[in-house]
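First residue of the sequence shown: 20, per the working numbering; consecutive thereafter.
Using N, Cα and C, we set each Cβ at its ideal position, and we do this for glycine too.
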Amino acid sequence: MKSLNKVLIGTMLSMGIVSGAAAYTIDDNGADQFIGANQNVALADNLDVYGNAGIYDVFGMDVSSDINNLYVSVYTNFNPSLSSFDYGDLFISTDGWNPFGSAPYKEDGFGDGETWEYAVDVSSRSNGLADVVDVSLSNGFDVTSGLSSRIFQEVTVNRSGQDKVGDAGIGIVTNGLTTLSFQIALADLGLNALNPQEIGLRWAMTCANDITEGSYTVPEPGTLALLGLGLIGLSLRKRAKAC
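Right, dumping it as structure tokens:
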């Protein structure tokens, strides 16, 4: 049995499943992760965070899925109680991720690049639930404007005239680092875990001082590999016990 465990752990290490270092599915660390058009000279050097990074820095998001749900966790220094701004909404594109321009996408703004089909409406959070809103049929975005930060960036969904397609579990933990965790039914997004599909994800606070945005494939190949590895391990363990 010890040899079996060594084989499983070794395989997981080789696949990058076990790691001591922090890593994000969508990483937002570094000046090359700018994302977001602006009309502010101070941002000409592709700064990742506008203003105080200790208040506004977004580190990235972890994304995973199973047969039923999509799971997203956003990690940031941002806490509305320490600012005059609020949490933005989680935007989801179900037809891939197509930002405007080339990395670090400093030309990308509202009206260019990705069009978002859904949003988890964080602003309506109550009883641990947030709405999943269909924004594909009209201009369902609120954007930053008239601010000294990145302008013309979609930050929240405008619920007026939008259809609710489901509920999403949401948890917000503020303990130094803020973690916003979402659980969204794949069926509510028109996704199928048995059919690999690239999706786009985006989150920012309402001032858009930092934006994290990128893509994820449902189902994530690494997740399915881990599941298969686990099943193999269980099968071998049962066989060893039978002997």
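query = What is the DSSP secondary structure of Val83, counted as helix, strand or coil?
reply = Working through the sequence shown from its first residue, we reach residue 83 at position 64. In the sequence under discussion, the amino acid at residue 83 is Ser, which differs from the Val named in the question. Here Ser83 sits in strand by DSSP.
Check: Can you round the beta-carbon distance between Gly115 and Ser234 to whole angstroms, since I take them to be within the 8 Å contact cut?
Finding: Walking along the sequence shown from the start, residue 115 turns up at place 96. Walking along the sequence shown from the start, residue 234 turns up at place 215. Rounded, the Cβ-Cβ distance is 7 Å, consistent with contact.
- Message: Taking the straight line between their C-alpha atoms, what separation do you get for Ala212 and Tyr90?
- Response: For the purposes of this step, residue 212 is taken as residue 193 along the sequence shown, with counting starting at 1. For the purposes of this step, residue 90 is taken as residue 71 along the sequence shown, with counting starting at 1. Distance between the alpha carbons of Ala212 and Tyr90 is about 13 Å.
### Query
For Leu89, does the three-state DSSP call read helix, strand or coil?
By 1-based counting over the sequence shown, the position of residue 89 is 70. Three-state result, Leu89: strand.
Worksheet item: Can you tell me the Cα-Cα spacing of Val152 and Asp140, whole angstroms?
Response: Within the sequence shown, numbered from 1, the residue matching residue 152 stands at position 133. Within the sequence shown, numbered from 1, the residue matching residue 140 stands at position 121. For Val152 and Asp140, the distance between alpha carbons rounds to 7 Å.
For a quick check, are the C-beta atoms of Pro123 and Gln172 less than 8 Å apart?
The residue labelled residue 123 in the question sits at position 104 within the sequence shown. The residue labelled residue 172 in the question sits at position 153 within the sequence shown. No; because the gap between Cβ atoms is not below 8 Å, this pair is not in contact.
Practice problem: Output the boundary residues of the alpha helix (DSSP H) element that contains Gly73. | Solution: Position 54 of the sequence shown, counted from the start, is the residue given in the question as residue 73. First-last of the alpha helix (DSSP H) with Gly73: Ala72 to Tyr75.
Checklist line | For Asp105, the three-state DSSP class (helix, strand or coil) | finding: Counting from one through the sequence shown, the residue named residue 105 turns up at place 86. Looking at Asp105 - three-state DSSP - the assignment turns out to be coil, as it is neither helix nor strand.
Measuring straight from C-alpha to C-alpha, what distance separates Gly73 and Arg169?
Against the sequence shown, residue 73 aligns to sequence position 54. Against the sequence shown, residue 169 aligns to sequence position 150. Cα to Cα, Gly73 sits roughly 18 Å from Arg169.
Distance check for Ile218 and Ser112, CA to CA, integer angstroms please.
Position 93 of the sequence shown, counting from 1, holds the residue named residue 112. Position 199 of the sequence shown, counting from 1, holds the residue named residue 218. About 5 Å.
Query raised in the report: For Asp67, does the three-state DSSP call read helix, strand or coil?
Result: Here residue 67 is taken as the residue at index 48 of the sequence shown, counted from 1. If DSSP states are grouped into helix, strand and coil, Asp67 belongs with coil.
| Ordered along the chain, which non-local residues of its own chain (more than five positions away) have a Cβ less than 6 Å from that of Ala138? | As a position in the sequence shown, residue 138 is number 119, starting the count at 1. The answer, listed in chain order, is Asp108, Phe110, Val152, Val154 and Val176.
Practice prompt. Could you pull out every residue in the same chain whose Cβ sits closer than 6 Å to the Cβ of Val77, ignoring the five residues on either side in sequence?
Written response: Counting from 1 along the sequence shown, the entry for residue 77 is found at position 58. Closer than 6 Å at Cβ, skipping near neighbours: Asp47, Thr95, Asp229 and Thr231.
| Same chain, Cβ closer than 7 Å to Asn98, neighbours up to 5 away in sequence not counted | Your numbering for residue 98 matches position 79 in the sequence shown. These residues qualify, in order along the chain: Thr193 and Thr197.
**Proximal residues to Thr236 (C-beta, below 8 Å), its chain only, five neighbours per side dropped** = Translated into the one-based positions of the sequence shown, residue 236 becomes position 217. Excluding sequence neighbours, Thr236 sits near Pro215, Gln216, Glu217 and Ile218.
- With distances taken Cα to Cα, identify the nearest neighbour of Thr225 among Gln181, Asn88, Leu66 and Asp161. For the purposes of this step, residue 225 is taken as residue 206 along the sequence shown, with counting starting at 1. It is Asp161 whose Cα lies nearest to the Cα of Thr225.
- Return the CA-CA distance between Val68 and Ser102, expressed in angstroms with no decimal places. Here residue 68 is taken as the residue at index 49 of the sequence shown, counted from 1. Here residue 102 is taken as the residue at index 83 of the sequence shown, counted from 1. Each residue's alpha carbon lies about 15 Å from the other.
Between which residues of its own chain and Arg221 is the CB-CB distance below 6 Å, once the five residues before and five after are set aside?
In the sequence shown, residue 221 corresponds to position 202, counting from 1. Cβ within range, chain order: Phe110 and Glu232.
>> Closest to Gly195 by C-alpha separation, out of Ser84, Val82, Asn87 and Ser100, would be which residue?
In response: Your numbering for residue 195 matches position 176 in the sequence shown. The option with the nearest alpha carbon to Gly195 is Ser100.
- Task: Reducing DSSP to helix, strand and coil, say where Ser234 ends up.
- Result: For the purposes of this step, residue 234 is taken as residue 215 along the sequence shown, with counting starting at 1. Here Ser234 sits in strand by DSSP.
Close Cβ partners of Ile86 (< 6 Å) along its chain, the five nearest in sequence each way excluded: By one-based count along the sequence shown, residue 86 stands at place 67. Once the five neighbours on either side are set aside, the close Cβ partners of Ile86 are Ala212.
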